[in-house]
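Letter by letter, the sequence shown follows residues 21 to 582 of this note's numbering.
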Amino acid sequence: MAERIRSTMMDVPLSLNHLLERAGRLFPQGEVISRLPDKSLRRHTYAQYYQRTRQLAAALKAAGLHQGDRVATLCWNHHVHLEAYFGIPAAGGVMHTLNLRLSPDEIGWIAGHAQDRFLIVDDVLLPLYEQFKHLHAFEKVLVFNFSGQPASSAQQAAGHVDYESFIGAQESAAASFEYADHREDDPVAMCYTSGTTGRPKGVVYSHRSTILHSLVGCARDFWSLSGTDTILPVTPMFHANSWGIPYAAVMLGSKLVLPGPHLHPTDLLDLMTLEPPTMALGVPTIWMTLIQALEAHPGKWQLPVGMRSLVGGSAVPEALIRAFAKHGVNITQGWGMTETSPLASTSYIKSELLGSSADEQFRRKALAGVPVPLVDFRLVRETQTGEADPTQGADICDWDNEQVGEIQVRGPFITGDYHAVERSAEKFTSDGWLRTGDVAAIDAHGYLRIADRTKDLIKSGGEWISSVDLENAIMGHPAVAEAAVIAVPHPRWAERPLACVVLRPDQQVDSAQLQAFLAGRFAKWQIPDAFVMLPAIPRTSTGKFWKAKLREQFPSWTWADA
21 MAERIRSTMM DVPLSLNHLL ERAGRLFPQG EVISRLPDKS LRRHTYAQYY QRTRQLAAAL
81 KAAGLHQGDR VATLCWNHHV HLEAYFGIPA AGGVMHTLNL RLSPDEIGWI AGHAQDRFLI
141 VDDVLLPLYE QFKHLHAFEK VLVFNFSGQP ASSAQQAAGH VDYESFIGAQ ESAAASFEYA
201 DHREDDPVAM CYTSGTTGRP KGVVYSHRST ILHSLVGCAR DFWSLSGTDT ILPVTPMFHA
261 NSWGIPYAAV MLGSKLVLPG PHLHPTDLLD LMTLEPPTMA LGVPTIWMTL IQALEAHPGK
321 WQLPVGMRSL VGGSAVPEAL IRAFAKHGVN ITQGWGMTET SPLASTSYIK SELLGSSADE
381 QFRRKALAGV PVPLVDFRLV RETQTGEADP TQGADICDWD NEQVGEIQVR GPFITGDYHA
441 VERSAEKFTS DGWLRTGDVA AIDAHGYLRI ADRTKDLIKS GGEWISSVDL ENAIMGHPAV
501 AEAAVIAVPH PRWAERPLAC VVLRPDQQVD SAQLQAFLAG RFAKWQIPDA FVMLPAIPRT
561 STGKFWKAKL REQFPSWTWA DA
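Given below as structure tokens:
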């Protein structure tokens, strides 16, 4: 028998520290630009960023940070938050981004559940911190003077530590700083889910998972990032680590333009004029308002021609993709979750479809896309007992664009558990797949079509109706700015879809016109019987349509055909 051969490759652990060292050595002239509360721009080179990040790591070590200790951030998108992304793991700690859009009680509960030791907080967010500090006691509160204003007497009395003084004390020590010993599976960051169903759950990322996610994301068919890009992350750095983009940008030495707290569409358009991005990312609701502002003021702004945009967090309407295409901007839709790091699929045009019509390509761009490398997908139907049983082969859906089931995923940057929560069959299958709660079909080309969240599907007369499909179609009407569809109890059909619609300025349309617009695209029984016009649709902390609030607002409806 032949002798068993072994690999001759070096056993070098994957590490974020390598990316930080790479940025400091290879890209010292690269830029990190932060927009301050007064809308001025502060610039740092990667050389300065490298120095400051190592100072933060040295300061945390000197302050007694131990391996695996959590350091929370309560910050907008800016250079100090980026320093935390690499400086905390460099010291052996775990960066825990707190979502500032959650309620104070929820932020406090999350900080306590994560057992955060230290907190880095923007001075402009101290009023928010004051509302939850009684729920969790941080050992040290480091305040970044984001506003540029002198600290108040109340801040001084509270015993907070000035961030610049904290890292400034380690200026000379940064050169000799030694990274904390670690394995590639050691944790570097954690994010909590939005908690729309029950308490939020903590997802903990490792050096290995973060490096692999960054490498996959940078591929041409996905983020298509390079060191020559200027990247504008509108997606908050406190939400799913801004989809992992900050790690990839530092790895490549890309120019970063961080918008701070100014996320109003006119502010973003101003920033795009000052520092034109080649790549921008954000949720559909932000991009909807941005294109509305752009088109309401012809000639005032111009989107950077050729700009690429990654949009995700919820379904991207085809009408939105077409609207940006008219301005020379290509939108790529991505799908994923906090649990998937989050990139799991993107919608690009595969080689065999390059010759398809423009309409067909736009249709595919509005799908959730093709699974990224290293991530496996399967769709699982419910059994007659109401449980998704992956041990029965007949319950695994074919990729035929017809069979619909729950998306289940697995891969090296997919979470296999939650922090300090007992593993449950509700979220993980017995054979190790993550149950996402999203319902979808996949076609023969591998394109994922999200039908809905399981809790948002509408069951009318025993048949399922996709609220996502209806929303995307309704938002294709020229008078409609936004639309969300919910299920409302019906005495005959159990449930019927109710469409909540926000109209564009100075536009009018009635229910009959919208029903006629949908006719031909949907069966008659799938079309909403009622449309309600609203001034705005409530949003979650991550910018998604908050359908739970709409269901609270419309627990019932008087149906004409009841």
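Positions of the beta carbon are idealized from the N, C-alpha and C atoms, including for glycine.
For this session: Starting from the Cα of F186, find the closest Cα among P256, A78, W129 and S262 and give me that residue.
Result: For the purposes of this step, residue 186 is taken as residue 166 along the sequence shown, with counting starting at 1. Nearest C-alpha to F186: A78.
Problem set entry | 9 Å Cβ cutoff met for I351 and F397 | Position 331 of the sequence shown, counted from the first residue, corresponds to residue 351. Position 377 of the sequence shown, counted from the first residue, corresponds to residue 397. For I351 and F397, no; Cβs fall outside 9 Å.
Problem set entry | Top-ranked residue by Cα proximity to I265, from Y438, A239, V181 and G457 | Counting from one through the sequence shown, the residue named residue 265 turns up at place 245. In terms of CA proximity to I265, A239 leads the group Y438, A239, V181 and G457.
Exercise. Beta-carbon separation of V508 and F551 under 9 Å?
Worked result: Along the sequence shown, read from residue 1 onward, the residue named residue 508 stands at position 488. Along the sequence shown, read from residue 1 onward, the residue named residue 551 stands at position 531. Their beta carbons are not under 9 Å apart, which means V508 does not touch F551 by this criterion.
Problem set entry | Of the residues L148, T309 and V459, the one placed nearest G563, counting alpha carbons only | Indexing the sequence shown from 1 puts residue 563 at position 543. When each option's Cα is compared against that of G563, the closest is T309.
Exercise. Roughly how many angstroms separate the alpha carbons of A388 and E491, rounded to a whole number?
Worked result: The residue you call residue 388 lines up with position 368 of the sequence shown. The residue you call residue 491 lines up with position 471 of the sequence shown. Counting only the Cα atoms, E491 lies some 15 Å from A388.
Exercise. So what does DSSP say about F138, is it helix, strand or coil?
Worked result: Mapped onto the sequence shown, residue 138 falls at position 118. In this structure, F138 counts as strand in the three-state DSSP scheme.
Problem set entry | Residue closest to V441, alpha-carbon to alpha-carbon, out of K275, K221 and D549 | Here residue 441 is taken as the residue at index 421 of the sequence shown, counted from 1. The shortest CA-to-CA distance from V441 to any of K275, K221 and D549 is the one to K221.
Problem set entry | Collapsed DSSP secondary structure at S329 in the structure displayed | Indexing the sequence shown from 1 puts residue 329 at position 309. Correct three-state label for S329: strand.
Problem set entry | As assigned by DSSP and simplified to three states, the class of A566 | Looking up residue 566 in the sequence shown gives position 546. Checking the displayed sequence, the identity of residue 566 turns out to be Trp instead of Ala. Of the three classes helix, strand and coil, the one that applies to W566 here is coil, per DSSP.
Problem set entry | Exposed unless 16 or more other CB atoms sit within 10 angstroms - verdict on P147 | As a first step, residue 147 must be located in the sequence shown, where it is residue number 127. Counting every other CB atom within 10 Å of its CB across the protein chains shown gives P147 a total below 16, marking it as exposed.
Exercise. Beta-carbon separation of A195 and R42 under 9 Å?
Worked result: The residue labelled residue 195 in the question sits at position 175 within the sequence shown. The residue labelled residue 42 in the question sits at position 22 within the sequence shown. Cβ distance not < 9 Å, so A195 and R42 don't count as in contact.
Exercise. If we ignore side chains and look at the alpha-carbon of each, how far apart do L34 and R63 end up?
Worked result: Looking up residue 34 in the sequence shown gives position 14. Looking up residue 63 in the sequence shown gives position 43. So the alpha carbons of these two residues sit roughly 30 Å apart.
Exercise. Where does R74 fall in DSSP's three states?
Worked result: Position 54 of the sequence shown, counted from the first residue, corresponds to residue 74. DSSP places R74 in the helix class (H, G or I) of the three-state scheme.
Problem set entry | Through-space distance from S576 to A568, alpha-carbon basis | On the sequence shown, position 548 is the one that residue 568 refers to. On the sequence shown, position 556 is the one that residue 576 refers to. Going from the Cα of A568 to the Cα of S576 covers about 13 Å.
Exercise. In this structure, does DSSP put G112 in helix, strand or coil?
Worked result: Mapped onto the sequence shown, residue 112 falls at position 92. In the structure shown, G112 sits in coil (DSSP, three-state: anything other than H, G, I, E or B).
For this session: Go ahead and pull the three-state DSSP assignment for R559.
Result: The residue given as residue 559 occupies position 539 in the sequence shown. Strand, per DSSP.
For this session: Out of A536, I547, L570 and L523, state which residue places its alpha-carbon closest to the alpha-carbon of P555.
Result: Residue mapping note: residue 555 aligns to position 535 of the sequence shown, counting from 1. The residue among A536, I547, L570 and L523 with its C-alpha nearest the C-alpha of P555 is L523.
Exercise. P509 bridges to which residues according to DSSP?
Worked result: Taking the sequence shown and counting its residues from 1, one reaches residue 509 at position 489. P509 pairs with E515.
Exercise. Enumerated in chain order, which unbroken segments of the beta strand (DSSP E) with a length of 3 residues or greater are wholly contained in the stretch 346-371?
Worked result: Counting only runs of 3 or more, we get 350-356 and 363-366.
Exercise. Between which two residues does the beta strand (DSSP E) containing A209 stretch?
Worked result: Start at 1 with the first residue of the sequence shown, and residue 209 comes out as number 189. P207 to Y212 is the span of the beta strand (DSSP E), which, as asked, contains A209.
Exercise. Just reading off the alpha helix (DSSP H) that R383 is part of, what are its end residues?
Worked result: Position 363 of the sequence shown, counting from 1, holds the residue named residue 383. If you look at R383, you'll find it in the alpha helix (DSSP H) that goes A378 to K385.
Exercise. With contact counted as at least three CB pairs below 8 Å, one residue from each stretch, are the stretch 130-149 and the stretch 163-170 in contact?
Worked result: Segments in contact, yes.
Exercise. Should R443 go down as buried or exposed, given a rule of 16 or more other Cβ atoms within 10 Å for buried?
Worked result: For the purposes of this step, residue 443 is identified with residue 423 of the sequence shown, where counting begins at 1. Exposed.
Exercise. Considering M553, what are the terminal residues of the beta strand (DSSP E) in which it resides?
Worked result: Counting from one through the sequence shown, the residue named residue 553 turns up at place 533. Looking at the DSSP string, the run of the beta strand (DSSP E) that includes M553 is A550 to M553.
Exercise. Which of the three DSSP states, helix, strand or coil, is assigned to A195?
Worked result: Against the sequence shown, residue 195 aligns to sequence position 175. In this structure, DSSP gives A195 a helical state, which the three-state scheme calls helix.
Problem set entry | Assigned secondary structure, P285 (DSSP; H/G/I helix, E/B strand, else coil) | Mapped onto the sequence shown, residue 285 falls at position 265. DSSP, reduced to helix, strand and coil, places P285 within a helical segment of the structure shown.
Exercise. Roughly how many whole angstroms lie between the Cα atoms of K59 and K370?
Worked result: If you number the sequence shown from 1, residue 59 lands on position 39. If you number the sequence shown from 1, residue 370 lands on position 350. In this structure, the alpha-carbon of K59 lies about 41 Å from that of K370.
Exercise. Residues in its own chain within less than 6 Å of V161 by CB, not counting five upstream and five downstream?
Worked result: Here residue 161 refers to the residue found at position 141 of the sequence shown. Contacts found: L139 and H180.
Problem set entry | DSSP three-state assignment for Q528, whether helix, strand or coil | For the purposes of this step, residue 528 is taken as residue 508 along the sequence shown, with counting starting at 1. Coil at Q528, not helix or strand.
Exercise. Does the stretch 271-284 come close enough to the stretch 351-363 that 3 or more CB-CB pairs lie under 8 Å?
Worked result: Verdict: no, contact absent.
Problem set entry | Own chain partners of P48 with C-beta closer than 7 Å, once the 5 adjacent residues on each side are dropped | As a position in the sequence shown, residue 48 is number 28, starting the count at 1. Closer than 7 Å at the Cβ level, and outside the excluded window around P48, lie T65, Y66 and A67.
Exercise. Apart from the five residues on each side of it in sequence, which residues of its chain come closer than 7 Å, Cβ to Cβ, to Y438?
Worked result: Along the sequence shown, read from residue 1 onward, the residue named residue 438 stands at position 418. Apart from the 5 residues on each side of it in sequence, Y438 sits with its Cβ closer than 7 Å to the Cβ of K221, G222 and V223 in its chain, given in chain order.
For this session: Compute the beta-carbon to beta-carbon distance between F258 and L120, rounded to the nearest angstrom, for a pair I have assumed lies under 8 Å.
Result: Here residue 258 refers to the residue found at position 238 when the sequence shown is read from its first residue. Here residue 120 refers to the residue found at position 100 when the sequence shown is read from its first residue. A Cβ-Cβ separation of about 6 Å places F258 in contact with L120 under the 8 Å criterion.
Problem set entry | Q428: first and last residue of the uninterrupted beta strand (DSSP E) it sits in | Counting from one through the sequence shown, the residue named residue 428 turns up at place 408. G425 to R430 is the span of the beta strand (DSSP E), which, as asked, contains Q428.
Exercise. Is S450 near A471, with beta carbons less than 9 Å apart?
Worked result: Walking along the sequence shown from the start, residue 450 turns up at place 430. Walking along the sequence shown from the start, residue 471 turns up at place 451. The answer is no: Cβ separation not under 9 Å.
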